[in-house]
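Notes to accompany the following structure.
Residue numbers (the numbering used here): 1393 to 1700.
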């Protein structure tokens, strides 16, 4: 059986026409800059969706925006997009510190910074609280998992591209090993996620995207992320895995859900390395071939707003 990922047909996305501005958040966990895209169609009388994007190592908000083309897609959908900035004083490669035990908790410094930036945008702009989403790539994808799991009241759904499961490493050395091989067999992945999430008020729906040819972060990590989320929060497989060819690349698809709804979706893209699927070469770690991860994420988010 074959089926394509739920993604709109290819369209011409207009150039971004809104405002892309720097802001600075200052709160209890500290201060951090972020860049915010406000689409030209933004109207304070109509609350808009908000997508929070976490960049990978060596990247910055501008680089991630160029590579993902998220601003142009947001212009079409009317969403605000916030890009928190990791700084070299926190990590020399500007990696989000997902691999440190102190960050793997709701009140971890960087987790609180991302959540604080999200809340600040919601206070300053008209944001639909039911449609606040979180995504990231690589180190940003790993950090997005921690933030989403520990703040289910804030994020409606989340997406991780080329990330690593929650809690599998607590040192930089262990992180490099996990990236290359994934967690060892027998590791209780669900327990490690629940140690971060606690007793969440709800399970945050999750989309996982990864390249099968990723030599930086093994695709085994993607499957472990999906299985970790499913084991911790209870969904079961929605049928057998499927595959389809999408824009020149074979995509393996798997879904987990309950009660007729899907909670976790996994898309593993053949021939894709450590790069944003269907991205733009104007940014780093982006591959123009394959399904557009940006559109996959926005479609997934639209299907998974937060219930009242």
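Where is the CB? At the ideal position from N, CA and C, for every residue including glycine.
CB of residue i within 7 Å of CB of residue j, strictly
i	j	result
residue 1531	residue 1448	yes
residue 1588	residue 1558	yes
residue 1601	residue 1471	no
residue 1473	residue 1443	yes
residue 1626	residue 1460	no
residue 1586	residue 1536	no
residue 1687	residue 1599	no
residue 1551	residue 1689	yes
Exposure label - residue i; buried when at least 16 CB within 10 Å
i	result
residue 1488	buried
residue 1576	exposed
residue 1463	buried
residue 1637	exposed
residue 1484	exposed
residue 1493	exposed
residue 1572	exposed
residue 1413	exposed
residue 1667	buried
residue 1524	buried
residue 1436	exposed
residue 1698	buried
residue 1522	exposed
residue 1692	buried
residue 1568	exposed
residue 1678	buried
residue 1696	buried
residue 1631	exposed
residue 1613	buried
Beta-bridge partners of residue i, as assigned by DSSP
i	result
residue 1648	1629 and 1656
residue 1527	1445 and 1551
residue 1661	1603 and 1643
residue 1679	1669
residue 1568	According to DSSP, which records beta bridges pairwise, residue 1568 is partnered with nothing at all.
residue 1578	According to DSSP, residue 1578 bridges with nothing at all.
residue 1422	1419
residue 1474	1428 and 1444
residue 1698	DSSP, once it has assigned bridges, lists no residue as partnering residue 1698.
residue 1411	1430
Heavy atom of the ligand FMN within 6 Å of residue i beta-carbon
i	result
residue 1531	Absence of the ligand FMN is noted for the structure shown, with no ligands found whatsoever.
Neighbour flag for residue i against chain B, beta carbons, 7 Å
i	result
residue 1578	The question asks about chain B, but that chain is absent: this structure has only one protein chain.
**Prompt:** Mind pulling the alpha helix (DSSP H) runs of 4 or more residues that sit fully within the segment 1581-1638?
**Reply:** Correct list: 1581-1589 and 1612-1625.
**Validate contact between the segment 1506-1513 and the segment 1453-1468 using beta carbons, cut 8 Å, 3 pairs** = Of all C-beta pairs linking the segment 1506-1513 to the segment 1453-1468, fewer than three are shorter than 8 Å, placing the two stretches out of contact.
**Message:** Whether or not the segment 1540-1547 and the segment 1588-1602 are in contact is what I'm after, with contact meaning three or more pairs of Cβ atoms, one per stretch, closer than 8 Å; do they touch?
**Reply:** Enough Cβ pairs lie closer than 8 Å, so yes.
**Item:** beta strand (DSSP E) runs wholly inside the segment 1477-1541, at least 3 long, in chain order
**Value:** The qualifying runs are 1519-1529.
**Request:** Give a yes or no on contact between the segment 1635-1655 and the segment 1422-1435, applying the rule of three or more CB pairs nearer than 8 Å.
**Result:** Because the criterion of three Cβ pairs below 8 Å is not met, the segment 1635-1655 and the segment 1422-1435 do not touch.
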